[in-house]
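K.L.:
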Amino acid sequence: MIRKKILLLGDFHVGKTSLIRRYVDNAFSDDYLTTIGVKISKKQITLHDREYELLIWDIEGATPTKKIPTHYFAGAAGAIVVGDLTREETLTSLPEHLQSFHSVNRGKPWVFAYNKVDLLPVEQRKRLQLPEWSFATSAKEDLNVDTLFTTLLERIVS
Amino acid sequence: MRNVQRILNSILSKNVFEYILIDRDANVGDFSLEATHLLGEKLVHGESIFDVLPELVGSEDVIEEIFNRGKQSYAIKTVEKNGRFLNIYLDYFDSEKLLILLQDITEVTEIRRKIMQVSNQTTLLSNTLQSIVDSQKAIIFLVDSNGKIVFANKRFHEYFDTDDSPELRQELLHTLLDEHRDFHALHKSVRKGKDELRIGQDVFSIESVYVDPVNILFTLTPITDLVRKKEALQNEIRHDPLTGVLRKQSFDEELRKRLLSKRPFALVVTDIDNFKQINDRYGHVIGDKALIQFTEVIRKRLRDDETIARWGGEEFLLLLECATPEEAIDKCETIRRDLEQYRFEAGLHITASFGVSCPHEGDDAATLVERADKALYQAKSSGKNRVVFLN
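Chains as they are written, first to last, in the working numbering: chain F, 85 to 242; chain L, -2 to 388.
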């Protein structure tokens, strides 16, 4: 079994914990509970006939007054950088989070999650144009959550 | 004994309660009994620490470095595990062992979480309110008791071309405050009913309200288009659509004002001679064009403070500034000659008759108009194309 440490980064209340809950426990709750520090969840996955154990680090989100502490980043194989499609400022900070991740883990793969797509009107959903390695996700509707994690692992092992 | 002292020192220095020793292969050695409790996992001698503390996966290089360099320490802080919050410290123990110290910080972290929860929810609410305020077309800003703008919405910054700094340029305040000394004076003025504010060419409906005992919220809603439309509509109502001169109703208002002003003036009623024949012979299109040209010729001789209005058909009214009746008569003669010499549409030759009157003590508008109209009648009946003054 190969262990891989992956990080979930982004501003507060963008749905990092919900994405992990959906991916690991196939569950969702609308209740918001702020993540403090870090919480690690495990998920076993088979990819190209190899067994992996993902150690998913749910790291507390950045707030206007506090950035994400980078001491959690050491040894990470990849990162999922999450933004909330309903809050513009969380999307504009995506590159900043990625840069922060790369400052510790140079050149390591990543994917972007444009989360809470379920809250967008249908017309807006259709018009969405996302950059490379980005997914419109919804933990609530279980949309693209598996794809998000699998794509990151694909990038890590390729 | 020396090792026990080392553990004790580490515990005392960090206020840490539980420990685990691991070897160079990261396998579990000795550990305190309560460490199992904290981790919620059974610790077994010889098993990999990464199985019970996956938080250390990715820290392999750090562990090796601590062994190699000695005395170095490493921390992963605020880890949620087994329903508790821990700080995990890695400390050099000896050349064969590394000390993992587990500090239970659940109590303080739960308090921090509650504070963060409230803070984050407040930020979200604040952001939502900011988005609502920013989405408004109105300029919205808050002024404190010192007259300092402490909040302004996006439209404010766009309109006044300022950055997000609440310290706004002094000249901007002058623009905004207009003739008012400060924002409190402006507020008082609004409370007294001054509900319009003009900034350059723009017009705003202004509202102000104390949102608390200290801060005044100003809302400037743009109404420039509305005001322009209203002015255009008023203009349309006041003016004759064909010639663009005042309508009789608007002229009557002007006349009443002039009578009240007590300044000398003359009222003139003028009528195009034989206009019916022009319409009959050349048609109404040419007739209308002649009327427009007729007013244009007269307007060229009028001062800005003099007035022309269409009474109806081919009959017009003039208010002329004059110190004496003779001045008014001279001016009418000049206009009469201008008309006589002007080449109208289709080469028409047009003349006009003028009835002139000046106000007497006790005259009202109707009396004055009636007298001028009588003078016009005399001009017509005595051969047309002439000016008659009736005192």
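The C-beta atom is built at its ideal place from N, Cα and C for all residues, glycine as well.
Every value quoted in this text rests on a predicted model; they were computed, and no experiment measured them.
How many Å lie between residue -2 of chain L and residue 28 of chain L at the Cα?
P.N.:
Any reading at residue -2 of chain L needs caution, since the residue's pLDDT is 48, under 50, leaving its predicted position unreliable; the model's value is listed next. The alpha-carbon atoms of residue -2 of chain L and residue 28 of chain L are separated by roughly 16 Å.
K.L.:
Would you mind listing the alpha helix (DSSP H) stretches within the segment 183 to 245 of chain L that are 4+ residues and don't spill past its ends, in chain order?
P.N.:
Correct list: 221 to 235.
K.L.:
Distance, Cα to Cα, residue 202 of chain F vs residue 88 of chain F?
P.N.:
Cα to Cα, residue 202 of chain F sits roughly 30 Å from residue 88 of chain F.
K.L.:
Is the distance from the Cβ of residue 194 of chain L to the Cβ of residue 203 of chain L below 8 Å?
P.N.:
Yes, the Cβ-Cβ distance between residue 194 of chain L and residue 203 of chain L is below 8 Å.
K.L.:
At 3 residues or longer, and completely inside the segment 333 to 357 of chain L: list those beta strand (DSSP E) runs for me, N to C.
P.N.:
Correct list: 349 to 354.
K.L.:
If you draw a straight line from the C-alpha of residue 96 of chain F to the C-alpha of residue 112 of chain F, how long is it?
P.N.:
Distance between the alpha carbons of residue 96 of chain F and residue 112 of chain F: 17 Å.
K.L.:
If you draw a straight line from the C-alpha of residue 208 of chain F to the C-alpha of residue 293 of chain L, how long is it?
P.N.:
Roughly 59 Å separates the two Cα atoms.
K.L.:
Residues of chain F with CB closer than 9 Å to the CB of residue 57 of chain L, please, in chain order.
P.N.:
Within 9 Å Cβ-Cβ: 159.
K.L.:
Using the C-alpha atoms, what's the distance from residue 30 of chain L back to residue 44 of chain L?
P.N.:
Using only the alpha carbons, I get a separation of about 16 Å.
K.L.:
Do you know whose CA, among F:175, F:196, F:101 and F:152, lies nearest residue 243 of chain F's CA?
P.N.:
No answer is possible for residue 243 of chain F: it lies beyond the span of chain F, which begins at 85 and ends at 242.
K.L.:
Taking residue 199 of chain F as part of the beta strand (DSSP E), name the residues at either end of that continuous run.
P.N.:
Counting along the chain, the beta strand (DSSP E) containing residue 199 of chain F begins and ends at 194 to 199.
K.L.:
Answer yes if the segment 291 to 307 of chain L comes into contact with the segment 362 to 375 of chain L, meaning at least three C-beta pairs across the two stretches below 8 Å, and no otherwise.
P.N.:
No, because fewer than three Cβ pairs between the segment 362 to 375 of chain L and the segment 291 to 307 of chain L fall closer than 8 Å, the two stretches do not touch.
K.L.:
From this set, L:315, L:300 and L:57, which residue's C-alpha is nearest residue 307 of chain L's C-alpha?
P.N.:
The option with the nearest alpha carbon to residue 307 of chain L is L:315.
K.L.:
Determine the extent of the beta strand (DSSP E) in which residue 104 of chain F is found, giving its start and end residues.
P.N.:
That residue, residue 104 of chain F, is in no beta strand (DSSP E); its alpha helix (DSSP H) goes 100 to 109.
K.L.:
Look up residue 267 of chain L in the DSSP assignment and say whether it is helix, strand or coil.
P.N.:
DSSP places residue 267 of chain L in strand when its eight states are reduced to three.
K.L.:
For residue 218 of chain F, which residues does DSSP report across the bridge?
P.N.:
Per DSSP, F:196.
K.L.:
For residue 121 of chain F, which residues in chain L fall below 8 Å Cβ to Cβ?
P.N.:
Chain L residues near residue 121 of chain F: 74, 75, 76, 77, 82 and 106.
K.L.:
Flag residue 169 of chain F as yes if its beta-carbon sits less than 8 Å from any beta-carbon of chain L, otherwise no.
P.N.:
Judged by the 8 Å Cβ criterion, residue 169 of chain F is not in contact with chain L.
K.L.:
Given that residue 148 of chain F touches chain L, what residues does it touch there, using C-beta distances under 8 Å?
P.N.:
By Cβ distance, chain L contributes 120.
K.L.:
For residue 109 of chain L, return the contacting residues in chain F, with the cut-off set at a CB-CB distance below 7 Å.
P.N.:
Going along chain F in sequence order, the residues near residue 109 of chain L (Cβ under 7 Å) are 120.
K.L.:
Helix, strand or coil, according to DSSP, for residue 128 of chain F in the structure here?
P.N.:
Note: residue 128 of chain F maps to strand in three-state DSSP.
K.L.:
Spatial neighbours of residue 32 of chain L within its chain, please: CB distance less than 7 Å, with the 5 preceding and 5 following residues excluded, ordered by chain position.
P.N.:
Hits under 7 Å: 15, 16, 17, 40 and 99.
K.L.:
Anything in chain L within Cβ reach of residue 126 of chain F, meaning under 9 Å, just list it in chain order.
P.N.:
Neighbours of residue 126 of chain F on chain L, chain order: 51.
K.L.:
Where does residue 77 of chain L fall in DSSP's three states?
P.N.:
Three-state result, residue 77 of chain L: strand.
K.L.:
Which of the three DSSP states is assigned to residue 129 of chain L in this structure?
P.N.:
Residue state, collapsed to three classes: helix.
K.L.:
Taking just the CA atoms, how far does residue 122 of chain L sit from residue 233 of chain L?
P.N.:
One C-alpha to the other measures close to 49 Å.
K.L.:
Residues in the segment 87 to 105 of chain F with C-beta within 7 Å of chain L's C-beta atoms, listed in sequence order?
P.N.:
Cβ contacts with chain L come from 87, 89, 96 and 97.
K.L.:
Measuring straight from C-alpha to C-alpha, what distance separates residue 240 of chain F and residue 130 of chain F?
P.N.:
Going by the C-alpha atoms only, they are around 14 Å apart.
K.L.:
Return the first residue and the last residue of the alpha helix (DSSP H) that residue 292 of chain L is part of.
P.N.:
Taken as a continuous stretch (DSSP letters only), the alpha helix (DSSP H) holding residue 292 of chain L covers 281 to 298.
K.L.:
Could you please give the first and the last residue of the uninterrupted beta strand (DSSP E) stretch that includes residue 138 of chain L?
P.N.:
Unbroken beta strand (DSSP E) run through residue 138 of chain L: 136 to 140.
K.L.:
Helix, strand or coil, according to DSSP, for residue 232 of chain F in the structure here?
P.N.:
In the structure shown, residue 232 of chain F sits in a helix (DSSP, three-state: H, G or I).
K.L.:
Only counting the same chain, and skipping five residues up and downstream in sequence, which positions put a Cβ closer than 8 Å to that of residue 56 of chain L?
P.N.:
Within the same chain, residue 56 of chain L has close Cβ partners 71, 73 and 87.
K.L.:
Assess contact between the segment 99 to 114 of chain F and the segment 92 to 112 of chain L, defined as three or more Cβ pairs (one per stretch) separated by less than 8 Å. Is contact present?
P.N.:
In short, these stretches do not touch, since the Cβ pair count stays below three.
K.L.:
Taking the alpha-carbon of residue 117 of chain L as reference, which of F:150, F:217 and F:86 has the nearest alpha-carbon?
P.N.:
Among F:150, F:217 and F:86, the Cα nearest to that of residue 117 of chain L belongs to F:150.
K.L.:
By DSSP's criteria, residue 45 of chain L is part of a beta bridge. Which residues make up the other side?
P.N.:
L:24.
K.L.:
Going by DSSP, which residues form a beta bridge with residue 103 of chain L?
P.N.:
Answer is none; residue 103 of chain L lacks a bridge partner.
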